[in-house]
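First comes the structure, then the notes that go with it.
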Amino acid sequence: MLAAIPATYLYGGLVSWTHLPPRLRDDMRRFQWDYATVKVDWALRAPVPWEADETAGAGTVQISAGMDEMTEYTAHIAMGLVPAHPFLLAGQMTTADPCRSPAGTESLWAYTHVPRKVRGDTGGDGITGAWDERDREAITRRIEAQIERFAPGFRDRIIARTVAAPPQLAEHNANLVGGAINGGTTALHQQLVLRPTPGLGRPETPVTGLYLASSSAHPGGAVHGACGANAARAALRGHRARSQRIAAATVRFAIGR
């Protein structure tokens, strides 16, 4: 069985703690989630008017004024503060795939990270972390202002938008716990053989025949499918090994040995 769910839902959830080693329960108490996420999708009447011409043909664009701004952004999130100038990862979908929207238009998305627990707002809009309509409108204005810095006239090209703050992301996909999109932090202390916990750095779990296939397993979240592929390969190896043991036992029984 391949479990494509967060480790926090599998251990102590679908599988009771009574069937798991006591140390695993202690380790899971220290499991750390990645930051929350806000994502905006836009329908644009024309492509994004980037000042940097070479950006127009890129399917994916990373948006920031430079290293100093990115450092400030990261530090603010770590302190529980919503950044005034969010670092954005944006996707120009029609640029990458012209069938995504009518000719001459653009289907654009962008997301940024925010603290899981908001303690303050450096942008002065009073974002609280409730992610109600007021919070969503404030963070959307900030995201659009960041794009406008590098693409003057961007706002004038917006036809419509949809906004997914952490609660909406979690509602649409239960694996995105609290708006986390990577299945847990990918910092060094929770990566490779330490993911999701020390000693469980493989798809195998303490339950025979059960494999962790979600982004809580190595190598974590992204558009790669590696977590599921690793789990599938491990399951096939385990099945072959069990089949070989059963076959050998059957032969021994048949010949009376």
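Residues in the sequence shown are numbered consecutively from 55, following our numbering. Every residue, glycine too, gets a C-beta built ideally from N, C-alpha and C.
- Per the coordinates, the alpha-carbon of Gln-146 lies some 39 Å from the alpha-carbon of Gly-67.
- Secondary structure note for Asp-95: its beta strand (DSSP E) is the uninterrupted segment 90–98.
- Within the same chain, Cβ atoms closer than 6 Å to the Cβ of Ser-155 are found at Thr-148 and Ser-161, the five residues on either side in sequence being excluded.
- If one requires a minimum length of 4 residues, no alpha helix (DSSP H) run lies completely within the segment 230–287.
- Rounded to whole angstroms, the separation of the alpha carbons of Thr-262 and Met-124 is 44 Å.
- In this chain, the alpha helix (DSSP H) harbouring Ile-131 covers 121–132.
- With respect to Leu-78, Thr-251 sits close: the two C-beta atoms are nearer than 8 Å.
- Bridge pairing for His-167: Thr-91 [DSSP].
- The distance from the Cβ of Gly-255 to that of His-272 is about 6 Å, consistent with a contact at the 8 Å cut-off.
- For Asp-88, the closest alpha carbon among the candidates Gly-279, Ala-283, Gly-275 and Arg-291 is that of Gly-275.
- Of the other Cβ atoms in all chains shown, 16 or more fall within 10 Å of the Cβ of Lys-93; this residue is therefore buried.
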